[in-house]
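For reference, the structure discussed in these notes is given below.
There are 2 protein chains.
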Amino acid sequence: MTYCVGLLLNEGMVLLSDTRTNAGLDNISVYRKMFFFEEPGERVIVILTAGSLSVTQTAISELREAVDDPESTPETSIMKAPTILMAAGIIGNKLAEVRGQIDDKLSAMRQGATASMIVAGQRRGAPMRLFLIYPEGNFIQATEDTPFLQIGEHKYGKPLLDRVVTPATSLEDAQKAVLLSMDSTLRSNLSVGMPLDLCVIEKDACAVGLKRRIEAGDEAFRQMSEAWSRALRDGFTQINI
Amino acid sequence: MTYCVGLLLNEGMVLLSDTRTNAGLDNISVYRKMFFFEEPGERVIVILTAGSLSVTQTAISELREAVDDPESTPETSIMKAPTILMAAGIIGNKLAEVRGQIDDKLSAMRQGATASMIVAGQRRGAPMRLFLIYPEGNFIQATEDTPFLQIGEHKYGKPLLDRVVTPATSLEDAQKAVLLSMDSTLRSNLSVGMPLDLCVIEKDACAVGLKRRIEAGDEAFRQMSEAWSRALRDGFTQINI
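The listed protein sequences correspond, in order, to chains A and B. Residues 535 to 775 (our numbering) make up the first sequence, in order. Residues 535 to 775 (our numbering) make up the second sequence, in order.
Next comes the structure, spelled out in structure tokens:
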């Protein structure tokens, strides 16, 4: 499984992904699930992936090839698409296309392939956008009412986000929120695992401002996790039934 | 869906269930999912149910009929079975039998029926037992290492239980823990709903000591829910990244 989360806030966007992939419980690997497409100051797009690794790797590779292709057009390159909405359309079509191809291959084994993505992006002079792209290629956007999107194992980490995240949340608090949301997920689902990839895109920077890989055993993350456990237990103790 | 949780503690057992059943989002009803079998001082068994209502209602009714049958035997009545383990076996077999019958009926519509149960029980002179019974009739028990069992929509409410529940948790704190675990679930899954049924079985009482129905709009529950939200937000604020 996987856990990825993206926040769309007044001050910017904050994204977090784990790196665990598994084909059965006895075959576990580390793969990056956060991918950057940047032309600093002009356009930034970050993609988070969940689901079948063969689908997401192929889709990301083909999107990258299209961007690097000197003959790319606004219809094929997410870095040339007129808007981020249209870039999301390209990504959704690519995901659906690759998923369909691999699904056909797997049907011989009576299996299926599925994958989903979170896409965060901004181009110069336009608002920030955060999308969740479904396996079929259609998508939804984060809004003021629901300023976060999750893919993969989303349930364990949602109660915290529901309670603390609003569009006015600061970028610092937002990093704390996604990390604690991940912490709850890591504790409960073995198929979500360290290291983590965290990034912050400040509003109108059109560039990734902070990229941080948090390794297993990271001291700051461990301290935060313990402080949160203490805070939960203390809060619990103080409540009267 | 459903959320039911049971705790096996040094001082006793605490059980909580919601009451929402639904056949599609447009057909929602309230049904009790907590069932008592009691011979105070001698034996107590409480069953919580999740899954297809037609399966769980029929299984509980047939278990009740067997108990009330003047010709019942230790092989048919959970109140006469020599041990609670054997009672769990009777319940498991009944659940598997009814589920199989209804599953056969539904197969004509290419649908299936599934259900699971939590069973808490004690007979005089023997230890308390807490079981989770799977749709196939097999079961697992709560232990010192994992003193709680959940059925239905278990994910949202698990991080809290993981952090605060140990066998040494007091019965009062345990009630708080299951109610807050339910509160997180109610917020995130529409198919889990008020009112709630809470009960407490003190160790060696072999009787249900406390039965409480918590209606929608219950003031104490609302206050506890708000205090918990405040505690989470305060704790979140105080943590340094």
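Ideal placement from N, C-alpha and C gives every residue a C-beta, glycine not left out.
Self-check item: For Asp679 (chain A) and Asp560 (chain A), the rounded distance between their alpha carbons
Solution: Taking the first residue of the first sequence as position 1, residue 560 (chain A) is located at position 26. Taking the first residue of the first sequence as position 1, residue 679 (chain A) is located at position 145. Those two C-alpha atoms are separated by around 41 Å.
Quiz item: At least one CB of chain B closer than 9 Å to the CB of Gln684 (chain A): is that the case?
Solution: Your numbering for residue 684 (chain A) matches position 150 in the first sequence. No, Gln684 (chain A) does not count as interfacial toward chain B.
Practice problem: Express the C-alpha separation of Val653 (chain A) and Leu666 (chain B) in angstroms, rounding to a whole number. | Solution: Start at 1 with the first residue of the second sequence, and residue 666 (chain B) comes out as number 132. Start at 1 with the first residue of the first sequence, and residue 653 (chain A) comes out as number 119. Approximately 40 Å, taken between the alpha carbons.
Quiz item: When the Cα of Arg746 (chain B) is compared with those of B:Gln709, B:Ser595, B:Leu724, B:Glu573, which residue comes out closest?
Solution: As a first step, residue 746 (chain B) is located in the second sequence; it is residue number 212 there, counting from the start. Taking only the C-alpha atoms, the option nearest Arg746 (chain B) is B:Gln709.
Quiz item: Whole-angstrom Cβ separation of Met535 (chain A) and Asn723 (chain A), contact assumed at under 8 Å?
Solution: The count along the first sequence starts at 1 and reaches residue 535 (chain A) at position 1. The count along the first sequence starts at 1 and reaches residue 723 (chain A) at position 189. Between Asn723 (chain A) and Met535 (chain A) the Cβ distance is about 6 Å, and since that is below 8 Å, they are a contact.
Quiz item: If you draw a straight line from the alpha carbon of Cys740 (chain A) to that of Pro616 (chain A), how long is it in whole angstroms?
Solution: On the first sequence, position 206 is the one that residue 740 (chain A) refers to. On the first sequence, position 82 is the one that residue 616 (chain A) refers to. Between Cys740 (chain A) and Pro616 (chain A), the C-alpha separation is close to 15 Å.
Quiz item: In the structure shown, what three-state DSSP assignment does Lys567 (chain A) receive?
Solution: To locate residue 567 (chain A), count along the first sequence from 1; it is residue 33. Looking at Lys567 (chain A) - three-state DSSP - the assignment turns out to be coil, as it is neither helix nor strand.
Quiz prompt | Chain-order list of residues whose beta-carbon lies under 7 Å from that of Leu621 (chain A) (same chain, five-residue window excluded) | solution = Working through the first sequence from its first residue, we reach residue 621 (chain A) at position 87. What sits at residue 621 (chain A) in the sequence shown is Ala, not Leu. Correct list, in chain order: Ile579, Ile612, Ala615, Gly655.
Quiz prompt | Beta-carbon contacts of Leu744 (chain B) that lie in its chain and below 7 Å, excluding the five residues immediately before and after | solution = Position 210 of the second sequence holds residue 744 (chain B). So the qualifying residues of the chain are Cys733, Val734.
Quiz item: List, in order along the chain, the chain B residues whose C-beta lies closer than 9 Å to that of Glu706 (chain A)?
Solution: For the purposes of this step, residue 706 (chain A) is taken as the residue at position 172 of the first sequence. Ordered by position in chain B, the residues that pass the 9 Å Cβ test against Glu706 (chain A) are Ile775.
Quiz item: For Met728 (chain B), which residues of its own chain have a beta-carbon under 6 Å away from its beta-carbon, when the five flanking residues on both sides are left out?
Solution: Here residue 728 (chain B) refers to the residue found at position 194 when the second sequence is read from its first residue. Contacts found: Ala750.
Quiz item: Terminal residues of the continuous alpha helix (DSSP H) containing Ile594 (chain B)?
Solution: Mapped onto the second sequence, residue 594 (chain B) falls at position 60. Segment 587-602, the alpha helix (DSSP H) holding Ile594 (chain B).
Practice problem: Indicate whether Ala711 (chain B) and Leu541 (chain B) have their beta-carbon atoms separated by less than 9 Å. | Solution: As a position in the second sequence, residue 711 (chain B) is number 177, starting the count at 1. As a position in the second sequence, residue 541 (chain B) is number 7, starting the count at 1. Contact flag set, yes.
Quiz prompt | At least three beta-carbon pairs within less than 8 Å, the stretch 681-690 of chain B to the stretch 751-766 of chain A | solution = no
Self-check item: Minimum length 3: unbroken beta strand (DSSP E) runs contained in the stretch 711-760 of chain A
Solution: 730-736, 744-748
Exercise. Mind checking which residues open and close the alpha helix (DSSP H) that includes Leu629 (chain A)?
Key: Here residue 629 (chain A) is taken as the residue at index 95 of the first sequence, counted from 1. Start and end: 618-641.
Quiz item: Would you say Leu724 (chain B) faces chain A, with C-beta separation under 9 Å as the test?
Solution: As a first step, residue 724 (chain B) is located in the second sequence; it is residue number 190 there, counting from the start. No, Leu724 (chain B) does not count as interfacial toward chain A.
Quiz item: Are the Cβ atoms of Met716 (chain B) and Leu550 (chain B) separated by less than 9 Å?
Solution: The residue labelled residue 716 (chain B) in the question sits at position 182 within the second sequence. The residue labelled residue 550 (chain B) in the question sits at position 16 within the second sequence. Against a cut-off of 9 Å, the Cβ pair of Leu550 (chain B) and Met716 (chain B) comes out as a contact.
Quiz item: So the beta strand (DSSP E) Val539 (chain B) belongs to, where does it begin and stop?
Solution: For the purposes of this step, residue 539 (chain B) is taken as the residue at position 5 of the second sequence. Here the beta strand (DSSP E) through Val539 (chain B) covers 537-543.
Exercise. Note the first and the last residue of the continuous alpha helix (DSSP H) segment covering Arg697 (chain B).
Key: To locate residue 697 (chain B), count along the second sequence from 1; it is residue 163. 692-698 is the span of the alpha helix (DSSP H), which, as asked, contains Arg697 (chain B).
Quiz item: Does the beta-carbon distance from Leu705 (chain A) to Gly691 (chain A) come in below 9 Å?
Solution: One-based indexing of the first sequence puts residue 705 (chain A) at position 171. One-based indexing of the first sequence puts residue 691 (chain A) at position 157. No.
Quiz item: Any idea which residues DSSP pairs Asn556 (chain B) with across the strands?
Solution: Residue numbering aside, residue 556 (chain B) sits at position 22 when the second sequence is read from its first letter. Paired residue(s): B:Ile562.
Quiz item: How would you list, in chain order, the residues of chain B whose beta-carbon sits under 7 Å from the beta-carbon of Ser782 (chain A)?
Solution: Within the shown structure, residues of chain A are numbered from 535 to 775, placing residue 782 (chain A) beyond reach of any answer.
Practice problem: Examine chain A for any beta-carbon lying closer than 9 Å to the beta-carbon of Ala765 (chain B), and answer yes or no. | Solution: The count along the second sequence starts at 1 and reaches residue 765 (chain B) at position 231. So, interface residue.
Practice problem: Measuring alpha carbon to alpha carbon, tell me which of B:Pro604, B:Glu670, B:Pro661 ends up nearest Glu545 (chain B). | Solution: The count along the second sequence starts at 1 and reaches residue 545 (chain B) at position 11. Nearest of B:Pro604, B:Glu670, B:Pro661 to Glu545 (chain B), Cα basis: B:Pro661.
Self-check item: Three-state secondary structure assigned by DSSP to Glu678 (chain B)
Solution: The count along the second sequence starts at 1 and reaches residue 678 (chain B) at position 144. Correct three-state label for Glu678 (chain B): coil.
Quiz item: Considering only residues of the same chain and omitting the five flanking positions on each side of Thr553 (chain B), which have a CB-CB separation below 8 Å?
Solution: As a first step, residue 553 (chain B) must be located in the second sequence, where it is residue number 19. For Thr553 (chain B), where only same-chain residues beyond five positions count, the Cβ hits under 8 Å are Val564, Tyr565, Arg566, Lys567, Gly727, Met728, Pro729, Leu730, Asp731.
Quiz item: Roughly how many whole angstroms lie between the Cα atoms of Pro701 (chain A) and Gln675 (chain A)?
Solution: To locate residue 701 (chain A), count along the first sequence from 1; it is residue 167. To locate residue 675 (chain A), count along the first sequence from 1; it is residue 141. Approximately 14 Å between the Cα atoms of the pair.
Quiz item: What do you get for Glu609 (chain B), buried or exposed, if any count of 16 or more other CB atoms within 10 angstroms of its CB means buried?
Solution: Taking the second sequence and counting its residues from 1, one reaches residue 609 (chain B) at position 75. Exposed, by the Cβ-count rule.
Practice problem: Return the first residue and the last residue of the beta strand (DSSP E) that Arg663 (chain B) is part of. | Solution: Residue 663 (chain B) sits at position 129 when you count from the first residue of the second sequence. Arg663 (chain B) -> beta strand (DSSP E) spans 663-667.
Quiz item: How about Ala761 (chain B) and Asn774 (chain A): do their beta carbons lie closer than 9 Å?
Solution: Along the second sequence, read from residue 1 onward, the residue named residue 761 (chain B) stands at position 227. Along the first sequence, read from residue 1 onward, the residue named residue 774 (chain A) stands at position 240. Yes, these two residues count as a Cβ contact at 9 Å.
Exercise. Evaluate Met643 (chain B) with the Cβ neighbour count: other Cβ atoms within 10 Å of its Cβ, from every protein chain shown; 16 or more gives buried, anything less gives exposed.
Key: Here residue 643 (chain B) corresponds to residue number 109 of the second sequence, with the count starting at 1. With fewer than 16 Cβ atoms within 10 Å of its Cβ, Met643 (chain B) is classed as exposed.
Quiz item: Would you call Asp707 (chain B) buried or exposed, if buried means 16 or more other Cβ atoms sit within 10 Å of its Cβ?
Solution: Locating residue 707 (chain B) in the second sequence gives position 173, counting from the first residue. The residue in question, Asp707 (chain B), is buried, as its Cβ has 16 or more Cβ neighbours within 10 Å.
Self-check item: Selected residue, minimal CA-CA separation from Ala557 (chain B), among B:Glu573, B:Pro669, B:Ser588, B:Phe571
Solution: Reading the second sequence from its first residue, position 23 is the one you call residue 557 (chain B). Closest option to Ala557 (chain B), Cα to Cα, is B:Ser588.
Quiz item: In chain A, what lies closer than 7 Å to Arg697 (chain B) by C-beta?
Solution: The residue given as residue 697 (chain B) occupies position 163 in the second sequence. Residues of chain A passing the Cβ test: Ser763, Leu766, Arg767.
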